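Read through the structure below, which is laid out as structure tokens, and then see the notes.
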Amino acid sequence: MRPFSSPLFRRKPASRLIDDSDESDRLHRRLGPLSLVALGVGATIGSGLYVQTGIVARDVAGPSIVLSFLVAAIGCGFAALCYAEMASMVPVAGSAYTYAYATMGELLAWIIGWDLILEYAVGSCFVANGWSGYFDSMLKNLFGFHLDPRLCSSPWDFNKHGFVWNMVTLADGSQATAWFNLPAVLITLAVTAVLVIGIRESAGLNAAMVLLNVGVILTLIGAGAAYIDPANWKPFLHADNGWSGVAMGSAKIFIAYIGFDSISTHAEEARDPRRDMPIGIIGALIVVTLLYVTTAAALTGMTHYTDLDVTAPLAAALQSKGLTFAGTLVTLGILAGMTSSLLVGNLSQPRVLLAMARDGLLPIKFFGAVHPRFKTPWKSTILVGALVALGGALAPLGLLADLVSIGTLFAFVIVSASVWILRVTDPDLPRAFRTPFVPFVSTMGVLVNGGLMFWLGRDNWIRLLAWLAVGLVVYFGYSRRHSILNRSPEAVGPAPGA
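Using the numbering used here, you'd call the opening residue of the sequence shown number 1 and step up by one each time.
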């Protein structure tokens, strides 16, 4: 009699994963390498560059924050190289879920797929929720008026005491409870409409937002370059933290690099995935690193790190030099970056759901539905948009912020391990891109990202485990019984060690 655990760890051959995506419901292959790079940059650079850089420089690293960004990029690069190999070798929708299915078996694939649902959904809700504040600020800068604050915030807040009513200040100075976040709903619905229409239109909108954001960043750096004083870079290391500040800074800003992994969910839509996916993933990481390092150097060169403003450091540094336009430009750049992040998050999640539905783990008629004309997973895109709009309107920003990072790091660990496993179990599988120095790179990917997970605090772990527990109920209640692989003779067998 087959052990109970065996079906849970049966693996889906990589060749079958590719064959399943070649059927009539395949997505349009419309994305070239530049579009993929733009998707990665758009998903990665949001408000963090404009805010987090100043906080870490002042409190942790000083001018050596440029080294912190480089160290974080190297750590993130281990996972990026592993993603590049897997995405070019298994060019289908699904990202880490698909790679886990090919290397570790169905149960772990379900767990990482359920984890990706958390990552993308919560990340998009967080962005939509925060977008409204900057939109209101832009209206104030350009037209001199504010939206009703009751329509720009969720009705609840979350702090150490739990859920509390979110009180906002009205124009007359009185306090009132917020109603819901209307701008978050409107931007999410607008983005969702574009996503349903097609991948070409979605990539075009993202490219426009990325160009606007990068243009703002380069303009601000160029404007501030004349005011850089090398004396502000002394001492180069933080006076209190020294070299340990470089390491602590790397841990704090590592999250600023999260986003490139979303490129892998679009492997099925790349024109030449074996060539374009490595270019997109590695290229996005390089572009983002250059922007982060250049911005950090310019910021700490204009203003001594001890004098940095932590709420809007880049804008404050430029305004102190008489460049009064900086505040409006920063707000514009943040809005463009957050719009890109929202678009890519809502673009990526339906692709993961599509891959899970193709395997029978989710209802195929809904989550596997591909529009006959637009060739997009339209039903799940609309559902994701509706849920993100609801979450952005009602969920507390503070609670959302704590839920985003741990799920992404978990995915990085799984993908890094998958490269090594597949090198052992299927060494002859064609690899257009090979991660160098395996198993060193994949091992470092597991250790670096796994280590960072333990820095995120007990509360994050409790929420992640609670979410995964719900996922296991869904798996054993529905997905395991409907799994196509469990009814197929083509499974490879238990994953190594199962």
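C-beta: ideal position from N, C-alpha, C; glycine also. No experiment lies behind these values; they were computed from the predicted model shown.
Within the same chain, Cβ atoms closer than 6 Å to the Cβ of I263 are found at L36, L39, G40, G280 and I281, the five residues on either side in sequence being excluded. About 5 Å separates the Cβ atoms of A296 and T53, confirming a contact at the 8 Å cut-off. For the pair of segments examined, the region 13–21 was found to touch the region 91–105: the number of CB pairs separated by less than 8 Å reaches three. When the alpha-carbon of L70 is set against those of G392, L409, A251 and I112, the nearest one is in A251.
Under DSSP, F163 takes part in a beta bridge, and its partners are F158.
Here the region 47–63 lies against the region 294–314, with 3 or more beta-carbon pairs under 8 Å apart.
Counting along the chain, the unbroken beta strand (DSSP E) around A176 starts and ends at Q175 to T177. A check of alpha carbon separations from G327 across L361, L142, E269 and T98 identifies L142 as the nearest.
In this chain, the alpha helix (DSSP H) harbouring G40 covers P33 to T44. Closest option to A184, judged by alpha-carbon separation, among H146, D136, V210 and L465: D136. By the 16-neighbour rule on beta-carbons within 10 angstroms, S132 is buried. Cβ contact annotation for A270 (same chain, cutoff 7 Å, sequence separation greater than five): R29, L31, L36, P91, D276 and M277, in chain order.
With contact defined as three or more Cβ pairs closer than 8 Å, the region 452–460 and the region 327–340 are not in contact. Across the set V413, L429, V441 and T381, the C-alpha of T381 shows the shortest separation from the C-alpha of V191.
Cβ-Cβ separation between L195 and L347: approximately 6 Å, consistent with a contact (criterion under 8 Å). When DSSP assignments are scanned along the region 76–163, the uninterrupted stretches of beta strand (DSSP E) that are 3 or more residues long and fall wholly within it turn out to be 156–159.
Excluding its 5 nearest sequence neighbours in each direction, R150 has C-beta neighbours in its own chain below 7 Å: V168, A176, A178 and W179, listed in chain order. Sixteen is the threshold: since fewer than 16 other Cβ atoms of the shown chains lie within 10 Å of the Cβ of R487, the residue is exposed. Our two residues, V419 and C82, have alpha carbons roughly 6 Å apart in a direct line. When the Cα atoms are used, A79 and G471 turn out to be separated by approximately 25 Å. With respect to E85, R434 sits close: the two C-beta atoms are nearer than 8 Å. Rounded to the nearest whole angstrom, the C-alpha separation of L211 and L342 is 16 Å. Here the alpha carbon of A121 sits roughly 11 Å from the alpha carbon of L390. Sequence-distant partners of I258 (beyond 5 residues in either direction) whose C-beta falls short of 6 Å from its own C-beta, in its chain, are T408. Residue pairing of R431 in beta bridges, as defined by DSSP: absent, with no partner found. Rounded to whole angstroms, the gap between the alpha carbons of A73 and G242 is 20 Å.
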